[in-house]
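Residue numbers (my numbering): 8 to 169.
Right, dumping it as structure tokens:
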């Protein structure tokens with residue numbers, strides 16, 4: 008791309024565009040990396056929220072799960088009672104959890120921990136309150152999934168009884 012001139016200096020060869028009749032350089036270009044912070048305007052943030060996260064797949068799964076829970080909720084017997092957002096009765100909480108869990112598990116898309124978190128977030132239930140109420144089998148499954156995906160077995164000081 009460089010052409011030697013008689014006095015020893017290098018000159019960049021310029022090519023001419025046949026259509027627009029202008030010249031351009033096809034040589035090596037040194038780019039400086041962009042190191043600034045990019046911000047997305049709040050008005051359009053919801054369009055890019057999943058793409059700006061650390062794990063695109065998890066965000067999309069959570070979004071899809073939330074939409075699925077709402078569809079199930081609309082067609083459930085609990086819709087009339089809880090369509091106006093209010094605190095879920097403690098007596099209904101565990102029945103609702105297993106109602107939603109059974110339907111979502113049949114789809115075979117979501118893990119138990121995703122269903123647990125999605126249900127708690129959707130109905131704004133404290134994780135600890137819900138965890139206390141679920142069965143021992145569900146607690147064990149939640150702990151296994153947390154260990155597999157997050158490696159938290161080292162943090163918990165539990166031992167298997169049998």
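No residue lacks a Cβ here, since even glycine has one placed at the ideal position from N, Cα and C. A quick note: this is a predicted structure, and the numbers were derived from the prediction, not measured.
Given this structure, state the Cα-to-Cα distance separating residue i from residue j, to the nearest angstrom.
{"i": "residue 94", "j": "residue 51", "result": "31 Å"}
{"i": "residue 112", "j": "residue 136", "result": "22 Å"}
{"i": "residue 119", "j": "residue 70", "result": "16 Å"}
{"i": "residue 8", "j": "residue 39", "result": "Reliability of the predicted coordinates at residue 8 is poor, the pLDDT of 45 falling under 50, and no value is obtained from them."}
{"i": "residue 99", "j": "residue 115", "result": "25 Å"}
{"i": "residue 89", "j": "residue 78", "result": "14 Å"}
{"i": "residue 7", "j": "residue 157", "result": "Residue 7 lies beyond the stretch modelled for the chain, which goes from 8 to 169, so this question has no answer here."}
{"i": "residue 61", "j": "residue 106", "result": "32 Å"}
{"i": "residue 154", "j": "residue 148", "result": "10 Å"}
{"i": "residue 53", "j": "residue 73", "result": "15 Å"}
In this structure, does DSSP put residue i in helix, strand or coil?
{"i": "residue 42", "result": "coil"}
{"i": "residue 11", "result": "Interpretation of residue 11 is limited by its pLDDT of 48, a score under 50 that renders its predicted location unreliable; the figure taken from the coordinates is listed afterwards. Note: residue 11 maps to strand in three-state DSSP."}
{"i": "residue 119", "result": "helix"}
{"i": "residue 128", "result": "helix"}
Please confirm whether residue i and residue j have their CB atoms less than 8 Å apart.
{"i": "residue 104", "j": "residue 141", "result": "yes"}
{"i": "residue 108", "j": "residue 122", "result": "yes"}
{"i": "residue 55", "j": "residue 66", "result": "no"}
{"i": "residue 41", "j": "residue 76", "result": "no"}
The alpha helix (DSSP H) with residue i in it runs from where to where?
{"i": "residue 53", "result": "52 to 55"}
{"i": "residue 88", "result": "86 to 89"}
{"i": "residue 106", "result": "97 to 114"}
{"i": "residue 66", "result": "63 to 81"}
{"i": "residue 143", "result": "143 to 157"}
{"i": "residue 135", "result": "134 to 140"}
Determine the burial state of residue i: buried for a count of at least 16 other Cβ atoms within 10 Å of its Cβ, exposed for fewer.
{"i": "residue 145", "result": "buried"}
{"i": "residue 10", "result": "For residue 10, the predicted model reports a pLDDT of 49, less than 50, meaning its position is unreliable and no value from the coordinates is stated."}
{"i": "residue 117", "result": "buried"}
{"i": "residue 130", "result": "buried"}
{"i": "residue 91", "result": "exposed"}
{"i": "residue 63", "result": "exposed"}
{"i": "residue 132", "result": "buried"}
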